[in-house]
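In this text, residue positions in the sequence shown follow our numbering: the first is 1310, and each later residue adds one. For every residue, glycine included, the Cβ atom is placed at its ideal position computed from N, Cα and C. Below is one structure, written out as C-alpha cells; comments come after it.
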Amino acid sequence: METQFITPSEVLEYMFCPRFVYFMSVLKIDQHEHRRHLVNKGRDIHLLKLVQNKDYLRAKIGAKDKLLDLYLSSEKYHLVGKVDEALFLEDGSAAPLDYKYAYWENRIYSTHKVQQTLYAILIEENFNLPVNKAFLVYVRSKNHLEEIAISAAMKENALDIIADVFQIVNEGSFPDAKTSTRKCEDCSYRNICVS
C-alpha cells in the first residue's frame, strides 16, 4: 500500500471540522474550494508576492538567506507542504515566513500557529537546523509582520493533530463535528453532512 501524506492545509481543515478530512480523504469528495472567493484571493496574493521585493521584511527579521516557494516533505511524519519562504537567520536557526491575505486583527489564530509549526517541523527535518520561530505577513494591513515563538509543546501538539487526521483516514470513521453553526454555513459539505 502506498504511504499516504497529508498537508498543513488538510490539518487546518481538520481543525475547522474533522468531517472535512472524512469527506475529502475517506469518501474522496472534492470540496470545490476554487469557488470560494477568499481562497481565490489567497492564491492571487501568493502569485503577487512572487513579483514583489520583500527584502526590507527579511532584513528586519535578521535573515541572511532565503528559499522561496519551497516544497518540503517528511517521511517520518508523512507530511508534505509548500512553504512560502524558508528564512535562514543570522543566529544559525531557520524560520518559515508565510503571507496571509488578511488584515491584522491583533491576534494570531490557532490555525495559523499550527500551520507555521508544521512548516517549522518540515524545515527542521529537511535542513537539520533549529526552528524556534515563524513569521506571518498580513498583506491587507500593509504587510504587517508578526513573529510566532515555536515551542517544543507546539510541535508535539501539531504532531498529535496529524495523528488524529491519520486515525480518521486509516479507520474510515465518521468523526464528530467540532464546529459552530456559523461555520457550517460556509462549509462546502453542508448539503451532505449529517448534523
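inquiry  = Taking the alpha-carbon of Ala1368 as reference, which of Asp1339, Val1389, Leu1396 and Leu1427 has the nearest alpha-carbon?
reply    = Leu1396
What residues match up with Pro1405 in a beta bridge as DSSP calls it? Ala1395, per the DSSP bridge assignment.
- DSSP state of Asp1400 mapped onto helix, strand, coil: coil
So, is Val1503 buried or exposed, given that buried needs 16 or more other C-beta atoms within 10 angstroms? exposed
| In chain order, what residues of the same chain lie with their CB nearer than 8 Å to the CB of Pro1484, ignoring the 5 residues before and after it? | In the same chain as Pro1484, and ignoring 5 residues on each side of it, the C-beta atoms closer than 8 Å to its own belong to Pro1327, Arg1328, Val1330, Tyr1331 and Ile1477, in chain order.
CA-to-CA distance, Val1440 to Lys1391, given in whole angstroms | 16 Å
What is the DSSP secondary structure of Ile1477, reduced to helix, strand or coil? helix
Checklist line | Contact with chain C by Tyr1498, beta-carbon distance below 8 Å | finding: No chain C appears in the structure shown, which is made up of a single protein chain.
Review point. Where does Ser1460 land, buried or exposed, given buried means 16+ other C-beta within 10 angstroms?
Key: exposed
- prompt: How would you write the range of the beta strand (DSSP E) that Lys1363 sits in, first residue to last?
  reply: That residue, Lys1363, is in no beta strand (DSSP E); it is neither H nor E in DSSP.
Backbone CA spacing between Arg1344 and Ser1497 [nearest angstrom]
Summary for Arg1344: the model assigns pLDDT 48, below 50, so the residue's position carries little reliability; its value from the coordinates is reported in the next sentence. Cα-Cα distance, rounded: 10 Å.
For this session: Give a yes or no on whether the C-beta atoms belonging to Ala1411 and Tyr1447 are separated by under 8 Å.
Result: yes
### Task
Could you name the residues of the same chain whose beta carbon sits closer than 7 Å to that of Gly1371, not counting the 5 residues immediately before and after it, in chain order?
Beyond the five residues adjoining it in sequence on each side, Gly1371 comes within less than 7 Å, by CB distance, of Leu1398 and Glu1399 in the same chain, given in chain order.
Checklist entry - From Gly1481 to Arg1491, what does the alpha carbon distance come to, in whole angstroms? => result 26 Å
Practice prompt. Would you identify the three-state DSSP class for Leu1315, choosing helix, strand or coil?
Written response: Rather than Leu, the amino acid found at residue 1315 in this sequence is Ile. Ile1315: strand per DSSP, three-state reduction.
Ile1432 versus Lys1337, Glu1322, Leu1377 and Val1474, residue with shortest Cα-Cα distance = Leu1377
Cβ pair Val1389, Phe1436 closer than 8 Å:
Against a cut-off of 8 Å, the Cβ pair of Phe1436 and Val1389 comes out as no contact.
| task | Spatial neighbours of Val1360 within its chain, please: CB distance less than 7 Å, with the 5 preceding and 5 following residues excluded, ordered by chain position. | result | Unreliable positioning characterises Val1360 in this predicted model, as indicated by a pLDDT of 41, which lies under 50. The coordinate reading is nonetheless provided below. Excluding sequence neighbours, Val1360 sits near nothing in its chain.
Next on the checklist: Just to confirm the assignment, what range does the beta strand (DSSP E) spanning His1453 have?
Outcome noted: His1453 to Ala1458
| message | If you reduce the DSSP assignment to three classes, tell me which class Ala1467 lands in. | response | helix
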